[in-house]
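A.B. asks: Sending over a structure as structure tokens; questions will come in a sec.
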């Protein structure tokens, strides 16, 4: 077993609310600089930049591609995968359950698709800032079906946190873990930065004790308590 | 005012928990954040929300609310209705948005 310092909650320019600096090579460089071994790339309702980050990372750092899905209850769930293909599959499902594009709300920022060298190659015009009409249970089930690690993002937050919105963890909801936040560390909760700018990457992290950071091993490590959340503010 | 009186005045449809209809309404709250409702609502309150998740029933039971009004034509999930029947929680629905229902209730004297 070895220790893996992970920030499983990092956004890119595909999240309209993220800074333009959140392009794949810069993100990877910053993650290395702050000593991360593992990064989860999750944009709001989209996985379109995850491949580029995986490519930009090369063998320097491990990247789990994924997305941060907004459920019909307005809860954010992180769905992380071993490879980009199932993440893109879930993205298709999510896209099918978003409201129609309509007017682009500029207030939420442009959602940019980037290449591994950091160049901007397109814009996602779907309303990624909206909620899907999938329930928390449906998202967890569909993501698990495709091999995901499913985590409740910033669970304590009233805005989009599972505990804030739904009061308590629903009975029977198949979650692999909960990310704390906002605020200090919480026993039993994972920690992720929810970075929307480079300086936030790795400021909240979790150290996992696993052989290799596969979804399956991370799931087992969480279940067996082989992790330690940390703050580096 | 009782739940049945409110239901008749506002044209609310009773989906579950008819045994709760004679209960007296002691107050009301309108929120879609369950954590907020758990912190603020009191026994006998009527709760207006667009949330349809089964946890709504858990909160209503925990706080001994008089009833839940699911507004804006939102359809409760089957699991929500099942849980409400099982726990005897009264769920009412209306096509009207929360704002309108709250205004009418306030006008009827629910403060």
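Residue numbers (the numbering used here), protein chains in the order written: chain A, 3 to 235; chain B, 583 to 693.
Backbone N, C-alpha and C define an ideal beta-carbon position, used for all residues, glycine too.
For the beta strand (DSSP E) containing residue 64/A, list its first residue and its last residue.
C.D. replies: Unbroken beta strand (DSSP E) run through residue 64/A: 64-72.
A.B. asks: Taking the beta strand (DSSP E) that residue 165/A falls in, what are its first and last residues?
C.D. replies: Premise fails: residue 165/A lies in the alpha helix (DSSP H), 164-168, not in any beta strand (DSSP E).
A.B. asks: Considering only DSSP beta bridges, list what residue 4/A is partnered with.
C.D. replies: DSSP output for residue 4/A lists 212/A as bridge partner(s).
A.B. asks: Under 8 Å, Cβ to Cβ, is there at least one residue of chain A near residue 657/B?
C.D. replies: No, residue 657/B lies away from the interface with chain A (no Cβ there is under 8 Å from its Cβ).
A.B. asks: For residue 169/A, is the classification buried or exposed, using 16 other Cβ atoms within 10 angstroms of its Cβ as the cut-off for buried?
C.D. replies: Per the 10 Å Cβ criterion, buried.
A.B. asks: Got a sec: which bits of the region 613-642 of chain B sit with their beta carbon under 9 Å from any beta carbon on chain A, in order along the chain?
C.D. replies: The region 613-642 of chain B vs chain A, Cβ under 9 Å: 614, 615, 616, 617, 618, 619, 620, 633, 634, 635, 636, 637, 638, 640, 641.
A.B. asks: Determine, for residue 301/A, whether the minimum Cβ-Cβ distance to residues of chain B falls below 8 Å.
C.D. replies: Outside the shown range of chain A (3 to 235) lies residue 301/A, about which nothing can therefore be said.
A.B. asks: So, using beta-carbon positions, are residue 675/B and residue 595/B closer together than 8 Å?
C.D. replies: Going by C-beta atoms, residue 675/B is nearer than 8 Å to residue 595/B.
A.B. asks: Should residue 183/A be labelled buried (16 or more other beta-carbon atoms within 10 Å of its own) or exposed?
C.D. replies: Buried: at least 16 other Cβ atoms inside 10 Å.
A.B. asks: Check the DSSP bridge columns for residue 179/A and list the partner residues they point to.
C.D. replies: Residue 179/A is bridged to 153/A.
A.B. asks: Name the chain B residues that come within less than 9 Å of residue 160/A, Cβ to Cβ?
C.D. replies: The answer, in chain order, is 615, 617, 618.
A.B. asks: Do residue 657/B and residue 671/B have their C-beta atoms closer together than 8 Å?
C.D. replies: Going by C-beta atoms, residue 657/B is not nearer than 8 Å to residue 671/B.
A.B. asks: Can you tell me which of the three DSSP states residue 599/B falls into?
C.D. replies: Residue 599/B falls in the coil class under three-state DSSP.
A.B. asks: Take the Cβ of residue 195/A as the centre, count every other Cβ of all protein chains shown within 10 Å, and call the residue buried at 16 or more, exposed below.
C.D. replies: Buried, by the Cβ-count rule.
A.B. asks: According to DSSP, is residue 638/B part of a helix, a strand, or is it coil?
C.D. replies: Three-state result, residue 638/B: helix.
A.B. asks: 8 Å is my cut-off, CB to CB: does residue 169/A come that close to chain B?
C.D. replies: Yes, residue 169/A counts as interfacial toward chain B.
A.B. asks: Check residue 13/A in the structure and name its three-state DSSP category.
C.D. replies: In this structure, residue 13/A counts as coil in the three-state DSSP scheme.
A.B. asks: Do residue 115/A and residue 89/A have their C-beta atoms closer together than 8 Å?
C.D. replies: Not closer than 8 Å, so no.
A.B. asks: Quick test of your reading: residue 234/A and residue 84/A, contact by CB under 8 Å. State the CB separation rounded to the nearest angstrom.
C.D. replies: Their Cβ separation, rounded to whole angstroms, is 26 Å, which puts residue 234/A and residue 84/A out of contact at 8 Å.
A.B. asks: Can you give the Cα-Cα distance for residue 31/A and residue 61/A, rounded to whole angstroms?
C.D. replies: If I take the Cα positions, the gap works out to 12 Å.
A.B. asks: Report the partner residues of residue 652/B according to the DSSP bridge assignment.
C.D. replies: Residue 652/B pairs with 631/B, 675/B.
A.B. asks: Quick check on DSSP: helix, strand or coil for residue 29/A?
C.D. replies: DSSP places residue 29/A in helix when its eight states are reduced to three.
A.B. asks: Residue 55/A and residue 29/A: beta carbons closer than 8 Å?
C.D. replies: Yes, the Cβ-Cβ distance between residue 55/A and residue 29/A is below 8 Å.
A.B. asks: According to the neighbour-count rule (16 or more other Cβ atoms, all chains shown, within 10 Å of its Cβ), is residue 5/A buried or exposed?
C.D. replies: By the 10 Å Cβ count, residue 5/A comes out exposed.
A.B. asks: Taking 8 Å as the threshold (C-beta atoms), are residue 145/A and residue 152/A in contact?
C.D. replies: Cβ distance < 8 Å, so residue 152/A and residue 145/A count as in contact.
A.B. asks: Output the distance between the C-alpha atoms of residue 666/B and residue 630/B, rounded to the nearest integer angstrom.
C.D. replies: Computed Cα separation, rounded: 16 Å.
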